[in-house]
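The block underneath contains the structure these notes are about, expressed in C-alpha cells.
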Amino acid sequence: MATFRSLPSVALFGQLVIRVGRNWRRVLDQVLYAEGLSQSTALPLIILLRSGGMRQGVLADELGVEGPSLVRLIDMLEGDKLVTRREDARDRRAKLIDLTEAGHEKAEHIERVVKKVRQTLLGNVDPDELDIATRVLEALDMDLSALLAKEELEA
Numbered sequence: 001m002a003t004f005r006s007l008p009s010v011a012l013f014g015q016l017v018i019r020v021g022r023n024w025r026r027v028l029d030q031v032l033y034a035e036g037l038s039q040s041t042a043l044p045l046i047i048l049l050r051s052g053g054m055r056q057g058v059l060a061d062e063l064g065v066e067g068p069s070l071v072r073l074i075d076m077l078e079g080d081k082l083v084t085r086r087e088d089a090r091d092r093r094a095k096l097i098d099l100t101e102a103g104h105e106k107a108e109h110i111e112r113v114v115k116k117v118r119q120t121l122l123g124n125v126d127p128d129e130l131d132i133a134t135r136v137l138e139a140l141d142m143d144l145s146a147l148l149a150k151e152e153l154e155a
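For the sequence shown, the UniProt record's numbering gives the first residue as 1, with consecutive numbering after it.
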C-alpha cells in the first residue's frame, strides 16, 4: 500500500476525478442527444448488450438506481420496443430483461457512437499511461465499494 502524501497533486486528484467524470458525461449527453437518446436510456441498453440480458434487480444495481426508477425506465424502453420483460423461470417473483432485435441494433449503434467519443477523448493519451490510470481507478473503485459495503453492514 502506498504511503499517503500531503501534496497538491493528492488534494487535486479527487477534484479532477469528479470534474473529468462530470465533463465526460456532458459530452456523452450531447452526442447521445443528437442521436435522440439520453444516458438514462442508452446505458441500460449497453449493459444488456454486453451481458446478454439480466434480472431487473441486477440491472438496477448496475445502473445505481432504485427499483421504482428502473420500472419506469423499463416501461419506457418496452414501450419503444427495445426491451422485453418476462418472468424468471427459477424465481417467478423476479423479472428478466432482454433486448429485442430493435434494442440490439440500437445498443450496437450506441456502442459505435460511444466508441468514437472514447477515441476522441483518449486518442492522445499514451496507452501505457492509460493502463496506469485505469489500474488506479479500478483500485479506488474496489476500495470505495468495500468501504460502502462496510458502512451498509454497520448501519
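Note that beta-carbon positions come from the ideal geometry of N, C-alpha and C, so glycine has one too.
What you are looking at is a predicted structure, and each value in this text was computed from that prediction instead of being measured.
If we count the other Cβ atoms within 10 Å of its Cβ and call it buried at 16 or more, is residue i buried or exposed?
| i | result |
| --- | --- |
| Ala-60 | buried |
| Leu-32 | buried |
| Ile-18 | exposed |
| Lys-106 | buried |
| Gly-103 | buried |
| Ala-42 | buried |
| Val-136 | exposed |
| Val-83 | buried |
| Leu-45 | buried |
| Leu-16 | exposed |
| Leu-140 | exposed |
| Leu-144 | exposed |
Residues in the same chain with beta-carbon distance under 7 Å from residue i, minus the five sequence neighbours each way, listed in chain order, please.
| i | result |
| --- | --- |
| Glu-62 | Ile-47 |
Could you have a look at residue i and say whether DSSP puts it in helix, strand or coil?
| i | result |
| --- | --- |
| Val-17 | helix |
| Val-10 | helix |
| Val-136 | helix |
| Asp-126 | coil |
Just to confirm my understanding: we take residue i, look at its own chain, exclude 5 residues before and 5 after, and list those with CB closer than 6 Å. What are they?
| i | result |
| --- | --- |
| Leu-49 | Ala-107 |
For residue i, collect the residues of the same chain with a Cβ closer than 8 Å to its Cβ; drop the 5 residues on either side in sequence, then sort them by chain order.
| i | result |
| --- | --- |
| Gly-57 | Gly-67, Ala-94 |
>> Ignoring anything shorter than 3 residues, give me the beta strand (DSSP E) runs that lie fully in the segment 71 to 123, in order along the chain.
In response: 83 to 88, 91 to 99
> Is there contact here, the segment 86 to 93 with the segment 57 to 72, by at least three beta-carbon pairs under 8 Å?
Replying inline: no
>> Quick check: the segment 127 to 141 against the segment 69 to 84, are at least 3 beta-carbon pairs closer than 8 Å?
In response: As far as the Cβ criterion goes, the segment 69 to 84 does not touch the segment 127 to 141, which means the pair count is below three.
> Of all the alpha helix (DSSP H) runs that stay within the bounds of the segment 20 to 74, which reach a length of 4 or more residues?
Replying inline: 39 to 51, 56 to 63
> Counting pairs of Cβ atoms below 8 Å between the segment 26 to 41 and the segment 136 to 152, do you hit three or more?
Replying inline: They do not touch, by the three-pair rule.
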